[in-house]
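Line by line, the protein sequences give chains A and B. The opening position of the first sequence corresponds to residue 28 in our numbering, with each subsequent residue numbered one higher. The opening position of the second sequence corresponds to residue 28 in our numbering, with each subsequent residue numbered one higher. C-beta atoms are modelled at their ideal positions from N, C-alpha and C, and glycine is treated no differently. This one's a predicted model, so the numbers in the text were calculated from it and none came from an experiment.
Protein chains: 2
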Amino acid sequence: MTYCVAISVNSGIVFCSDSRTNAGVDKAYVYSKMFRFELGNERQFVVLSAGNLATSQATMHQMKKDIRLNAPISLNTVATLSDAADYLGEVSRAQMEKHDNTGPTFEASFLIGGQIYGSEHSVALVYPAGNHITTSPDTPYLQIGESKYGKPILDRIIDVDTSLETAALCALVSMDSTMRSNITVGPPIEVMFYHADSFLLQPHHRFEEDNEFLRGLKKAWDSRLKEAFNQLPGLSWTNSNNNLMLNK
Amino acid sequence: MTYCVAISVNSGIVFCSDSRTNAGVDKAYVYSKMFRFELGNERQFVVLSAGNLATSQATMHQMKKDIRLNAPISLNTVATLSDAADYLGEVSRAQMEKHDNTGPTFEASFLIGGQIYGSEHSVALVYPAGNHITTSPDTPYLQIGESKYGKPILDRIIDVDTSLETAALCALVSMDSTMRSNITVGPPIEVMFYHADSFLLQPHHRFEEDNEFLRGLKKAWDSRLKEAFNQLPGLSWTNSNNNLMLNK
């Protein structure tokens with residue numbers, strides 16, 4: 028399993044991914060699911076992948092090859108991020124269909140985010156079918172993989188005005204909730220920042236399982252969350268009609 | 028969709044369920060998913076249901092009929108909660124198989140909890156296949172339906188020493204997180220308490236959408252959670268090597 032999230036706020040994009048890959052619980056590997064396409068000062072992309080590892084790898088391989096061989100369509104030629112997502116979807120589908128006779132086994136999904144000069148930065152989620160959706164002011168983040176455990180905190184914290192630092196912290200908290208509930212999502216955790224209009228991917232951060240920062244955050248969030256719960260007004264019953272109520 | 032959770036702590040059991048049933052988003056109904064079987068001072072059961080509504084209703088109907096007609100096996104005759112879960116599983120499977128030619132469409136799953144005189148109170152999760160698992164000191168709660176959004180808070184708060192009131196508050200917070208992220212889970216929300224060895228189901232609490240208590244809890248949890256997040260040490264980069272770190 029996998030958990031990846033990309034958050035597109037006014038000041039840029041945060042990408043966050045886990046690195047555990049498994050085909051059955053006794054076939055767990057560590058693979059980065061974050062791929063950089065640094066194509067000069069007019070286009071920068073990051074891709075996050077979930078689903079079948081062979082399909083993901085073949086898709087990344089083909090996309091790099093298309094750039095290297097100056098193919099008519101590649102991340103170097105697409106005009107918009109939406110075109111980039113369409114292209115990624117086509118490559119992914121082609122790779123999947125090479126091997127796919129039996130249904131969803133070879134499916135992969137992707138997040139692609141970045142910026143092309145002349146348009147705003149944004150993120151798209153590319154489905155196994157090759158179609159995609161993009162972030163918007165109302166929906167500034169997109170997830171792939173095991174998305175449910177970590178969604179509530181994103182829904183509460185993130186909007187387009189959130190700072191990149193806060194968005195990154197929220198992505199890591201969301202990742203922590205997911206890792207706690209699904210053992211097939213695991214470290215190393217990777218985080219990447221893109222500052223709007225910089226056309227420069229920031230150095231990428233990789234946190235191993237025993238990383239002090241990650242452990243500190245995990246512990247801090249666990250105790251803050253318990254405190255938050257303990258600070259809720261307690262439950263009690265009104266004497267009169269046995270209704271539940273919150274204590275004042 | 029549905030979300031139900033039952034928490035079995037040392038002092039008793041809390042049951043919590045939503046009431047939204049849907050077959051497509053334009054066929055949403057309100058149905059209670061909580062069923063009481065109050066069978067005197069030696070056996071008390073509560074059943075929560077998720078999945079196909081016709082199968083759930085037929086199962087409850089048959090179980091009531093078996094009690095009424097003094098069938099050889101019914102909730103009135105089973106020796107243990109595990110036997111009760113086996114029996115529920117058989118009834119459910121038989122109902123499902125009456126109509127089922129096409130796979131998982133008619134599946135339902137159940138939580139059954141309560142106490143039979145001479146044994147401890149506990150909860151079992153009955154799968155569509157008819158088999159079941161029970162709560163244990165390490166796993167004091169079980170969920171059916173849309174379980175993922177509301178799981179992290181249960182994992183952090185609940186253990187067997189948790190009080191019934193705190194368990195109920197946690198179930199409601201878990202329900203709130205689920206409703207926030209999945210619109211097919213919705214009020215009225217029902218809560219039921221069983222105090223260990225009481226052989227008496229407490230009055231049952233039903234919260235409508237506009238219920239003041241529920242709105243108060245929702246608001247309090249939202250602001251506490253945001254506070255908790257805002258109290259986390261901020262992220263920053265160390266100047267030296269561009270590593271991320273938590274501020275002191």
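- Residue burial annotation: Pro155 (chain B) is buried, with at least 16 other C-beta atoms found within 10 angstroms of its C-beta.
- The shortest C-alpha to C-alpha distance from Thr161 (chain B) to any of B:Glu173, B:Ile139, B:Leu181, B:Tyr144 is the one to B:Ile139.
- Straight-line spacing of the CA atoms in Ala195 (chain B) and Ser250 (chain B) works out to 19 angstroms.
- Taking Arg233 (chain A) as the centre and dropping the five residues before and after it, the same chain places the C-beta of Pro215, Glu217 closer than 6 angstroms to its C-beta, in chain order.
- DSSP, reduced to helix, strand and coil, places Leu241 (chain A) within a helical segment of the structure shown.
- Residue environment analysis places Gln122 (chain A) among the buried positions, since at least 16 neighbouring C-beta atoms fall within 10 angstroms of its C-beta.
- Using a CB distance below 9 angstroms, the part of the stretch 212 to 232 of chain A facing chain B consists of Val218, Gln229, Pro230, His232, ordered along the chain.
- Taking a Cβ-Cβ cut-off of 9 angstroms, the neighbours of Gly261 (chain B) in chain A comprise Glu192, Thr193, Leu196, given in sequence order.
- Secondary structure of Phe256 (chain B) (DSSP, three-state): helix.
- Under the DSSP definition of a beta bridge, Gln170 (chain A) partners with A:Val32.
- Per DSSP, reduced to three states, the secondary structure at Val212 (chain A) is coil, with no helix or strand assignment.
- Taking 9 angstroms as the cut-off, the Cβ atoms of Phe72 (chain A) and Gly141 (chain A) count as close.
- Between Ser208 (chain B) and Tyr176 (chain B), the beta carbon gap of about 4 angstroms places them in contact (Cβ cut-off 8 angstroms).
- Sequence-distant Cβ neighbours of Ser109 (chain A) in its own chain, meaning closer than 7 angstroms and more than five residues away, are Ala151, Thr161.
- Contact note: Leu252 (chain B) reaches chain A through Ile180, Arg183, Leu252, Ala255, using a C-beta cutoff of 8 angstroms and chain order.
- Under the Cβ distance rule, Gly243 (chain A) counts among the residues neighbouring chain B, one pair being separated by less than 9 angstroms.
- In this structure, A:Phe64 is the residue among A:Phe64, A:Phe137, A:Thr29, A:Gly78 with its C-alpha nearest to the C-alpha of Phe226 (chain A).
- With respect to chain A, the C-beta atom of Val200 (chain B) has a partner C-beta closer than 9 angstroms.
- Note that the stretch 34 to 53 of chain B touches the stretch 178 to 198 of chain B; at least 3 beta-carbon pairs, one per stretch, sit closer than 8 angstroms.
- One alpha carbon belongs to Leu244 (chain B), the other to Thr205 (chain B), and they sit about 14 angstroms apart.
- For Tyr176 (chain A), a Cβ of chain B is located within less than 9 angstroms of the residue's own Cβ.
- Take Val187 (chain A), set aside five residues on each side of it, and the residues of its chain with a beta-carbon closer than 7 angstroms to its own are Val36, Asn37, Pro164, Pro167, in chain order.
- Taking the beta carbon of Ala247 (chain A) as reference, the chain B residues within 9 angstroms of it are Gln258, Leu259, Pro260, Leu273, listed in sequence order.
- Membership of Ile143 (chain A) in the beta strand (DSSP E) is indicated by the continuous run 135 to 143.
- Of all alpha-carbon atoms in A:Met90, A:Arg95, A:Glu173, A:Ser83, the one lying nearest the alpha-carbon of Ala111 (chain A) is that of A:Met90.
- When the alpha-carbon of Ala135 (chain B) is set against those of B:Phe220, B:Val57, B:Ser76, B:Glu147, the nearest one is in B:Ser76.
- For the options A:Arg95, A:Thr107, A:Tyr58, A:Ile94, the alpha carbon positioned closest to that of Gln84 (chain A) is the one of A:Tyr58.
- Against Arg207 (chain A), the close residues of chain B are Pro179, Asp182, in the order they occur along the chain (beta-carbon pairs closer than 7 angstroms).
- In this structure, A:Ala198 is the residue among A:Ala33, A:Gly261, A:Pro179, A:Ala198 with its C-alpha nearest to the C-alpha of Leu262 (chain B).
- Under the 10 Å beta carbon count, Tyr30 (chain A) is surrounded by 16 or more other beta carbons and is classified as buried.
- Rounded to whole angstroms, Thr107 (chain A) and Ser149 (chain A) show a C-alpha spacing of 10 angstroms.
- Sequence-ordered contacts of the stretch 45 to 73 of chain A with chain B are nonexistent [C-beta pairs closer than 8 angstroms].
- In the structure shown, the three-state DSSP call for Ala85 (chain A) is helix.
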